[in-house]
Each structure stands twice: as structure tokens, then as C-alpha cells.
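Enquirer: So the sequence lines, in the order shown, correspond to chains G and V. Using the numbering used here, read the first sequence as starting at 1 and increasing by one per residue. Using the numbering used here, read the second sequence as starting at 261 and increasing by one per residue. No residue lacks a Cβ here, since even glycine has one placed at the ideal position from N, Cα and C. Just dropping this structure here.
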Amino acid sequence: MAENKKAVKNPNQKKKKKATQFDNFFKGVVRENPIFVFLLGLCPALAVTNTLETALGMGILVIFVLTASNLVVSLIKNLIPDQIQIPAYIVVIATFVTIVGLLTEAYAFELHQALGIFIPLIVVNCLIMGRATAYASKNGPFNSIIDGVGMGVGFMLAMMLIGVSREILATGAITFGRYLPLPFEVSLIDTDMYMFNMEVFVGPAGGFIMIGVFLAIFTAIGNYNKRKKAEARQAWIEQKKKEAAERKKRKAMEEAGDSA
Amino acid sequence: MLYKLRIALTLLIVGLLSGGAIVFVHTVTEDRIQENRELAELEDYQEIFPDMARADEEDIDHDVIDRRAKIYNADDEQIGEIYRGHDTNNFGDITVLVGITMDFEIKQVLVSQTENTPNYYQDMPLENLAGQSTEDITYDTNTGATASYNSVQMITDYAVELFYEFQDIDLRSSELQALETIYGEDADDYIEHFTFEDEAVHTEYRVIDENEATLGYAYDLDIDGELVMLGFTPDDEFLGMASDDDAHDDLSDVFADFEDLEGDMIEDIDVDALEGEQAIIDAFAFIQDLVEDTERIEEEYLVRYRETDEGYVITGFAEGFNAMNVIEVTLSDDGEITNIALVRTDDTDDYVEDYIEPNLDAFDGESDIDFDDALDTFAGASETGESIVNVIVAALDYYDVLGGAVEMIDDDVLTSREQYFDEDGDLIGLLYRGEAEGFNATNVFDVVIDEDGAIYSIEIVETEDTESYLDDYIYPNLEDFIGETDVTQDETDDAFAGATASGDSIYEMLSAALSYHADNPEFGAGDDDDEEDPRSSELQAIEDAFGEDDLAYDVHYQFPDADVLKEYIVSNSDGDTIGYAYTFDLDGAVAVVALDSDDAFLGFGAEVDAQNDHNDAVDALIGESIEEADLDDFDLVDDKADALAFVQSQITDYRRVIDYGSLAYAKETDDTHVYIGVAEGHNDDNHIEIAVNFDGTIASVDLIHTDDTNDWLDDNIYDELEALVGKDSVDDLDADDTFAGATNTGESILEVAEDVLFYDGIYGGERELSEAFGSILLTRDHEDGKAYTGKAEGHNNDNYIEVVIDDNGEVTDISFIHTDDTPGWLDDYIYDELDTLFGKDSVEDLDADDTFAGASNTGESILKIVQDALDYHLIYGEDYESIDHDVLILERDTDEGTAYIGVAEGHNDDNYIEIIIDDNGAITGASLLLTSDTPGWLDDYIYDELDALIGESSVDVSDADDTFAGATNTGHSILSVADAALTFHAEGGDE
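So this is what it looks like as C-alpha cells:
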């Protein structure tokens, strides 16, 4: 007769849950960065990263839209029939984009003018629709919020990285307060780099170049890490093999000693 | 149902919630957004006018401009105005602010808000507009942001217009003010048509509306320093006179004297009886003479023309070295230049004497000139020379209109049409030229509509679309419309997807041409006396000879260096060949010798201008076989006699080969079959004669006509021809190898050789042409009986199959004379199955899918040919004599008498009926040989009644209802044939 088995609580389970939430957030920043890993949202990444401030502004807007739409999609996912999932999600995303557009125009008018057509274009940012269908429609509201924030932050940081690079190379300076509704306007960095007249980095070509450069760097880093991991694992396996061989030898010797 | 309801409800709720959220946020933010916009706008105002202290804004009711702001400086002086305009272009909305100073200068133009792509609109050179006078604004042409810049341009123009309006300044010229008084609000602009020198009027203007349609013509003169305009309709009806707004009222009394003339045609005005301002009376007199003596021309560089006894004098107006030159070109009735005069010029006398006058005679006698060559004539006086050449070229082109060769069309799209002929000079149809707005600019098209009203060709004559754009989106799809008689917008939208604007222009052109052609199929509408025959000379002659209309003709052979020029196959409107025509020259006119399909002489014919009774001298020959006629009996003019003799020898010596590749003729000699073929060679068509031995090998190859030189032929061809002798196939020969250095001519020779061997393989040997019967082409005697060769479409191409039928009327053998099916495939699917047909006297009950499973197409062709052969054998299998009769087709001798076979329409289809009549004129046999009536039906209604005819020596066709009760149609056919046979037999047959 089979032994009755009882479910045993895993004392480590709680720890694992915490790690999952953090991982959920952090994955969007590094491991599953929308721009440098998934290559999503490249249109705004090229168009509005000519300055750090506009990149930051767009990033904030995307965080808001992504988080809000993830939450709402997660809440209504069981109410929406499969056939109309996509159009329903699009309506939700478009609603938040419209709201964000109105709020920007009301409270950050210069940013609204600077971002222009790219605010309404957030609707067609595949990152947002992608997370809605790939994650929010399959997970609970809280996890969806975390995912949205994480992905949004990752998107924003990536945009800022591109933006700061382009602005410095093109103008030699980083200015702040021109577009965002801040009570000051300041130049964070001011160099003589503008003398090199690298205005190409202001335009689309510059955007492509910078994205390409960063992609190359991150891919190289990622490949290096992968290689290191693989080497480490290989070394660990070899070690394990050695230990097993030692154990076998010992056992054989013991048996030989006994029989002797 | 419930599920669908749930879906609808869900979407509705989602939509309502979304809408509600947006409305809420919008309500909360509305005021603040408006504030921000206004602040931003004020900042924009500040940017335009840095000295601005305040702005007084007012809303404007206008389609484009919605706000006007008066700008004041710190001293409260108005320093300018800003106009805000909106437009929606291909890329979205755009709002533009236009700042104008009180000195009538553009201060600055900037884009306030827009959805247009930033990279485009931000690069627009708006700074170029700043500082320009509002009276004459120059816009950049190459901005890289066409849509956005067009919006800026439009808004700027409207802003300037409103600015002037608000400043109470009339932007219109004096001339336009006067013209608007005469023609009303429709008058939008005017074009200087001609300026007169020292005449009662200064200038003739063409008045146009906003669509550039002509409203009329006006003439200006001065009265006490004030402009006076006399306005007429395009037909020269007087509309009225006016001056500019400032002077019009002052001159109202002067104008009142002539008010009664309004509505009169200029030629009807009695100038001598006029009273009033003399300058105006002189103007009327001048205009009257002008209109009576000359006709106006609305073509570039041309002004007027007048007809003279010698031809036409065309006056042109073109820009020269100093000013506009007036040039007169005199053309004869034949369109040749007889004189050119520089009537008016500002060039100095010495200049004209040295560089112009000596060269004006250079064009005398010309009816067509090359523009660049003509310019060279005036070396040293290029600008004046160019003005003269422009006028000459335009005048020569216009002669086509005057002469009737070109018909001008007053249409939104179409401009003209003319007859279109192919390379052989045959009339194809009418060529329509027209214009329609395309992607970049106006596209000019030539569309040919053939005589059936279908599109024959489409050509883009002028366009600013790039070649790559045309190659990618336009040219590949133009062919889709060839042959169409109707075009829909959907069809062009589909065909030119990705090129909508250009596709729309093509649709406009095609539909305009087809529609106009349908309404006006006859070219040169006007007096019947002036109407030209649209048919080609050849068709005129052919229809004259055959005595029929709506005929068609195709070239069969072009005779090199012969009395007869070409042989044509003539067909009727049903496409049936009715005969042959041979063209020859009859005192410079096109004439033909006409033969019917059996080569009986039909008569002569000629083109309309040369038609008279050609056939009175040859009446006796009409209807006779051309081969057997003794032409010496007829007294004909040399051209006719030579042509007739040539045709006779051609028909006697050769047999036509029709629709067999390059082959034209064949004949038999004692030991060869000789074929003549035509194929394109190095320079032109080569006529090649190839003789084939009876064993199917080539005996000789001759180039009987070629444009290649003898030396070249000696070097490259003649020796190589020997390589073909003795061959029964040329498939393994390559023109590049066999005729190295003479590939084109070599290819033409091999092409003809290949066709010859193919044709000879089928038609050579002992096979003879059969009677026309289904798929059967040839017959020959066979040791087992008769062999019949038929042609039917198979798996790959036509199959030529020979069927041997024995004396019992059964199939004994079937073989492929020619097929494109592979031997392996035939082995797999055909050959084994052929055995099932042997011994059969009918294959009608066999199905190709069953008998030749997996080879239906070839199987069908086999069954068709076999059945046709069996049927043919039934009719023609034994010796017979053909009969030329409406009903009877042949007779043959039998033991029971003379058998007559006739064809008459029966119950389902034609019936072939045999009636045998003995020497006493009585019917001894009656049978249905071929019928589509069913056996059961025949048993019930026919066979017994047939027997009832035996012994009769006369029949009454009207008795069919009684004799063949219940089978009237078939009965009628039987009695018709019986009656015809009895009558024919009684009359002694075909003696």
C-alpha cells in the first residue's frame, strides 16, 4: 500500500515570492529591457531622445500609460471575450494616452509642444500593447502594476541614456527645466563639445547611431556574461565529476579492504 | 446570439467608460489648456513682433483664417497685424501665424501648432518670407516639405488678402477691376493674348475664370488717361465696357452711349452709325475688322490666322531679344511654308538686317522642320531666332488642325484627336491626346481607340513623375487596359495601387477618350462633303471589290519587287474568310484583285478617289476560277493586266499556307515540295525558299529576297546554307554556331526551315487536303483503307494524329504525326490505351477521362480526331465528286445509282443524308449518315418513313409534317435533300 503523503510547507517559499516581485520589476530594467533587448518602442526612442529632458518626459508618460493600462487590463481580463480582447485593450490604452495628452498639455505645455505628435503615437507603441496581452491579461493586478512600472522605468532609463548621449555630442551640454514644468532651467553639464559640430546627433541619423552603439555594447556585455556563466557551469560540472570519481574510488577501496 | 450580445455589450461598456474618463479629464483640464495655448500664442506674437506691448485679438469668419490680432508697441502705435490660419494637409493639422507690418511687409511666418512630421516642417525655410513685400511674395520651390509648405503658402496668401481688405486696399489691377465689372465675379484673371501697335486698341486679353476656362476676350484703350475695357464673349458677342473702380463712374456717361450694343455680335454692329466717344467707335471698327478678317487661335505662340487664296497666313507672338516679336508664317494649301515675315520687333534694324532677314527664306517649301536645326539657322540671333522658330513650329502643327488632320476637342481632359495608322499604313483608329493632373504635375497622354471602340494603346507623353516611379507603379499595369471598351475607377485604383494620383489621371484620360469616342465615332464631323473616309486605302479598295462593308483584312504575304504588292486574307464581320485580295498600284491609287475563298475571280476594286467601274472589261471573268482563265481575252490597262497575270501565276504555281508559322506558300515539283517562308533577318524580312525531298530531308535553301548585301551574304550565309541540305531536322542547329557572324539572318533561315520541316512532316508526302470537316485536315490512301490526319489541342500543344479506317469503317491504326507530348509521357498514358479504339466504328460513347485516365486533354484530342475521321470516312470515304450546291455536297456512283449526300438542319443539328437515285430518276436508297438525333427517336419517327421514299421520283418538302409526323425538323431536312438530289439529278447533274 502506498504511503500516505502529506503536503509539506516549503520554508523558503516566502523568500522566493519576494524575489519574484523584485525580479518582476527589475526584469524590465535590464534583462527584458524594452529598447535594448526587445527592440520595442524604437519610434519614440529615435524621435524624442535628441535631448535628455524630452526623453525623460516621454519616459514618464509611458510609465503612466503602461502601468495604468496594465492595471485596467488585468482587472477586466476575465470580463472581455477572447474575440474582442485586442480592440478592447486598444480602447483602454488609447483612453490613457488621451488622458495623458490632455494632462501634459495642461500642466507641461512646453513638453507637450516638444513631444508633439509622439504623444498620441504612444497608442501604437508595441511595448504597451505587448505587455497588455503578454502579461497583464494573464496575471493579477498587483503583478501587472509592477510589470508596468518595471517596463516603463526600463524604457525611460534606456531613452535617457540615449538622450543624454545625443544631447552632449550634439550641443556639448545637458539642459534641464526647458520642457518639464520645473521652477528652474539649468545646464547640468556644459562642455566645449559643441565645437565639434556633431549636429548629426540631433537628427534621426544620430538616433540610429546611438541606439546601434548601445545595442552593440549591451549585446557584447550580455554575450560576455553568458559566456562567463557557461564557463562557470562547465567548471562546476567538471568539479562535480571529479568528486564523484573520488567517491567511487574511495568506495572501491573500502570494499577491497573489507574483503581483504 | 447571447454571446454576440455579450460582446456588443462589453464593447459598449468599455467605450462608455473610456469616453467618460476622457470627458472628465477634458473638463478638468480644458481651461488650463486654453490658457496655455493663449499664452503660447502670445509668446509666438512676441516672437514675431519683439516690440509688442499688447495685442487686440478678434475672431474672423473665414474658411482658413480664424483670428486677427492688431499688434501695438509700448507707445500704443499699431506696428502690425498677425493672422492665424489653419489647414489640414496630408500629414495632419497645421496652424500658422503670419505677421504683417503696417509697411506691407511680411514680418515673420511661423508654425504655431501642427501634427505634421517635425523633421519636415521644422526645416521649412520660413525665414525667407520675412522682409518680403506683400505685393509680390516669392515662395521657395524646393522645400522638402511640400504638404506643410503648401499649407503655409496658402495661409500666408489669405492673410495678405485679408490684410489688404482690412486696410481697404483693392489688390486687383485696374484691368481686373474693369473685367469683373463686365464679366462679373467669375472673372478671375486675364492673359495677354496680343498687343497691337498704333491701333485703336492696345491689347487683346483672354479672360479666364478660376478654372482657367475662357470667359471671353477683352480689348483695352485709353480715354483721357483712363483705362477702358471692351468685353466680348468667346463668340464675339459684345458684353459691355467698363473702367477700373475709380474711373468707372466718371465715364458712365460715355459708356451709356453704347449700352444698346450689349448682346450684339461684333460683326452685326453698324460702326458707321455709332455716335459717341470717337476712340470707342474706332475701337469697335478695329475689332470688327479683326474678327471678320481673321480667326483667333488659342495655342502657345499663335494669335490669329486668315485664309487666303494661296493658303493660310498665321500670326504668332513670341518673346525675342528685346520684347515680344510678331511673326507671320504663310503656308500653302499643302502645308508648305511659302513666306516668313518678322512683322514687328524691337530689335534694331541693323540687327534684323544682319541676322534675321537673310535667313527667313531658309524655310520656304518646308512642311516639317527640326527645332534644333532651325535654331542653328539663326546663329548669332538666338533669342529672336528662337521666337521665330517657336512660331514656325507652332504654325506647322496648327496646319494639321486647319487641314483637318487634327480635330481639336473642347473638353476638360481631351485636347485633340487624329487618325492613327500602323507601320503598314493601315488605319487602326483614333489617337486622343489629353491632360490630367497626376502626382507631381499635369500628365499628357496619347490613347488610341480602335475601330471597335477598344483601347489599342496608352502612352504617357509628358510627365514629371520619375522613371523609377513609372517603372514600379505605372508601366507594368498599363497593358491591363488594352482591349477594354470601358474602364471603372475601381479598376484603375486596383491596377495602380500605390500610385493613386497618377492612377486617377490615367482613369480620367481613358474614360474621357472612351466616352468621347462612343459619342463621336466618326472622325472629322462637319459637312458631309468635307468628311474623309476613315477607312484605309486598302480597305476602301477591298470593300469596293467584294461589294461588302465591315470587312477585315490581314497581310498574308508581301511580294518583293513584283507587280502585286501584298496578298491579304479578307474576312467578314463574323471572322470567316471570304476571299483574298492582292493590292497593286493603279495610277498612283491603291487597287486590288479580289478572289473568293476558292480562288474564283471576284473583280477589281480601288480606293474611293479612284473608283469607277473597273470590272466592265472583265465581267466575263467574274466567278471563274483564276487558274483556268485565259487572260488574253481581256483588254485591260497595263497595271490591271499585269496584276491579274501575276495573281494567276501565283495561284497556279503555289498553294497558300495559312497559319503555319513563317510559311506563306507551298508547291510540288517532280521530286520535291517547295515552301516559301518569311522571317525577320538582319535588316528586314528575308524571304526564304526551301525544297524538301519526298523523304523529308532538305534538298535546297535559297534566299529569294533579302536586304542583306551580296558581299555580306557571300561572307556569312551562302556557304552555311549547305549545312542544312540533307537534314530532316534543324532542332540541333544553333544560329550562332551555324551562321556565326550572321545571327539574325541565320535565325530567320532556321525558323523557316523548322516550320518547313514541321509542315512537310504533316502535309508532305502523299497526304492530300481534305474537305472541310471538323478536325480533319488531310487524307491519303492506305493499304488498309484510308488514313485521315486531324489536328486537335492536346496536353501541351496541338496534336496531329493520323487514323486509319478500313473498308468496314473501323479503326485499324492510330499514330501521332506530330505532338509536343514527351515519348515517356505518351508511353505512360496514351499508347497502351490506343488499342481500345481499334476495331471501333464509333467512339462517341467513350469518355476521355476513363479511356485515357491521367491524360484527359490528349485523350480528348484523340477521341475527337478519331470520331471525326470515322464520320469523314462515312461521308467521303469512297470516291466522289464534289458538288457546288446549297444542300448537296457530293455525288458518287453506286451499284444502285447515283448517290447524293446533302446537309440540312435537323432536329438537333445538321444531318448528313444520302439519297440514291437510279437512272430512271427514282429514289432507290435513303439514309441518315450523320445525325445527332438519338437512335430511339430515329426508330420511332424516322427510319420507317425513310423507307417510304424508296421508289419516289418526286417529293414535296411541305409534306414533312405529314410524312414525318412528330419529327418535323429532321423530316424536313430529309425531304429537302431528297428534293435537291432529285432536281439536281434531273437537270443532268453538275455538267
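Would you kindly check if the distance between the Cβ of L52/G and the Cβ of E199/G is under 8 Å?
Expert: No. Outside cutoff.
Enquirer: So I293/V and L102/G are in contact, right, with Cβ under 8 Å, and what is the actual spacing, rounded?
Expert: Confirmed, about 7 Å.
Enquirer: If we ignore side chains and look at the alpha-carbon of each, how far apart do L39/G and F22/G end up?
Expert: Between L39/G and F22/G, the C-alpha separation is close to 23 Å.
Enquirer: Which residues, taken in chain order from the segment 74-108 of chain G, show a beta carbon closer than 8 Å to some beta carbon of chain V?
Expert: Here the close residues are I76, L79, I80, P81, Q83, I84, P87, A88, V91, V92, A94, T95, T98, I99, L102, L103, E105, A106 and Y107.
Enquirer: Which of helix, strand or coil does DSSP assign to A300/V?
Expert: Correct three-state label for A300/V: helix.
Enquirer: In the DSSP assignment, find the beta strand (DSSP E) that holds V934/V and state where it starts and stops.
Expert: Residues T932 to E940.
Enquirer: Between which two residues does the alpha helix (DSSP H) containing V586/V stretch?
Expert: V586/V -> not in any alpha helix (DSSP H); beta strand (DSSP E) instead, spanning M584 to S592.
Enquirer: Pop quiz: V461/V and Y450/V are said to be a contact at Cβ under 8 Å. What is the actual Cβ separation, rounded to whole angstroms?
Expert: That pair is no contact at about 14 Å.
Enquirer: Should F741/V be labelled buried (16 or more other beta-carbon atoms within 10 Å of its own) or exposed?
Expert: It is buried - the Cβ of F741/V has at least 16 other Cβ atoms within 10 Å.
Enquirer: My output table needs one value for A1159/V: the three-state DSSP class, helix, strand or coil.
Expert: A1159/V: strand per DSSP, three-state reduction.
Enquirer: Which word fits G1084/V, buried or exposed, when buried means at least 16 other C-beta atoms lie within 10 angstroms of its C-beta?
Expert: Exposed is the call here.
Enquirer: Measure the C-alpha to C-alpha separation of V961/V and L981/V and round it to an integer number of angstroms.
Expert: So the alpha carbons of these two residues sit roughly 6 Å apart.
Enquirer: Pick out the complete beta strand (DSSP E) segments inside the segment 766-852 of chain V, 3 residues or longer, and give them in chain order.
Expert: Complete beta strand (DSSP E) runs here, min 3: 812-818, 826-831 and 837-846.
Enquirer: Give me the subset of the segment 116-128 of chain G whose CB atoms are less than 9 Å from a CB atom of chain V, sorted by chain position.
Expert: Listed in sequence order: G116, I117, F118 and P120.
Enquirer: Select from S922/V, S885/V and D291/V the residue whose C-alpha is nearest the C-alpha of S909/V.
Expert: Selected option, being the one with the closest Cα: S885/V.
Enquirer: Let me check understanding here. Comparing Cα to Cα, which of G345/V, D731/V, G275/V and D899/V lies closest to I80/G?
Expert: For I80/G, the nearest C-alpha among the options comes from G275/V.
Enquirer: Identify, in the order they occur along the chain, each residue of the same chain with its Cβ nearer than 6 Å to the Cβ of P494/V, setting aside the five sequence neighbours on each side.
Expert: Cβ within range, chain order: T474 and G476.
Enquirer: Does DSSP put T416/V in a helix, a strand or coil?
Expert: Here T416/V sits in helix by DSSP.
Enquirer: By how many angstroms is the C-alpha of Q306/V removed from the C-alpha of D657/V?
Expert: C-alpha separation (whole angstroms): 59 Å.
Enquirer: Say whether chain G places a C-beta atom closer than 8 Å to the C-beta of R266/V.
Expert: It does; some Cβ of chain G falls within 8 Å.
Enquirer: Between the C-alpha atoms of I574/V and G664/V, what's the straight-line distance to the nearest angstrom?
Expert: Approximately 16 Å between the Cα atoms of the pair.
Enquirer: Under 8 Å between beta-carbons, which chain G residues line up against G485/V? List them in chain order, please.
Expert: Simply none; closest approach about 56 Å.
Enquirer: So Y89/G and A132/G are in contact, right, with Cβ under 8 Å, and what is the actual spacing, rounded?
Expert: With a Cβ gap of about 5 Å, Y89/G and A132/G count as contacting.
Enquirer: Who are the neighbours of H508/V on chain G, taking C-beta pairs under 9 Å?
Expert: What H508/V touches in chain G: nothing, since even the nearest Cβ is about 51 Å away.
Enquirer: According to DSSP, is M151/G part of a helix, a strand, or is it coil?
Expert: Reduced to three states, the DSSP call for M151/G is helix.
Enquirer: What three-state label does DSSP hand L1106/V in the structure shown?
Expert: Of the three classes helix, strand and coil, the one that applies to L1106/V here is coil, per DSSP.
Enquirer: Do three or more CB pairs link the segment 173-188 of chain G to the segment 203-220 of chain G at distances below 8 Å?
Expert: These segments do not touch.
Enquirer: Would you tell me roughly how many angstroms separate the C-alpha atoms of D671/V and E295/V, rounded to the nearest one?
Expert: If I take the Cα positions, the gap works out to 54 Å.
Enquirer: Between I254/V and chain G, is there a C-beta pair that is closer than 8 Å?
Expert: No statement about residue 254/V is possible, as the shown extent of chain V runs from 261 to 1251 and does not include it.
Enquirer: Based on Cα-Cα distance, which residue from Y1140/V, L1134/V, L904/V and S796/V lies nearest to E867/V?
Expert: Answer by Cα proximity: S796/V.
Enquirer: Compute the Euclidean distance between the alpha carbons of A849/V and E579/V, then round it to the nearest angstrom.
Expert: Each residue's alpha carbon lies about 45 Å from the other.
Enquirer: Does any residue of chain G bring its CB to less than 8 Å from the CB of T361/V?
Expert: Not closer than 8 Å to any Cβ of chain G, the Cβ of T361/V fails to qualify, so no.
Enquirer: From the DSSP output, in three-state form, read off F456/V for me.
Expert: In this structure, F456/V counts as coil in the three-state DSSP scheme.
Enquirer: Look at the Cβ atom of D856/V, then the Cβ atom of G839/V, and state whether they are nearer than 8 Å.
Expert: Result yes, Cβ atoms of D856/V and G839/V sit closer than 8 Å.
Enquirer: Could you tell me whether the Cβ of I293/V comes closer than 8 Å to any Cβ of chain G?
Expert: Closer than 8 Å: yes.
Enquirer: Three or more C-beta pairs closer than 8 Å, one from the segment 731-738 of chain V and one from the segment 705-713 of chain V: is that the case here?
Expert: The segment 731-738 of chain V is not in contact with the segment 705-713 of chain V.
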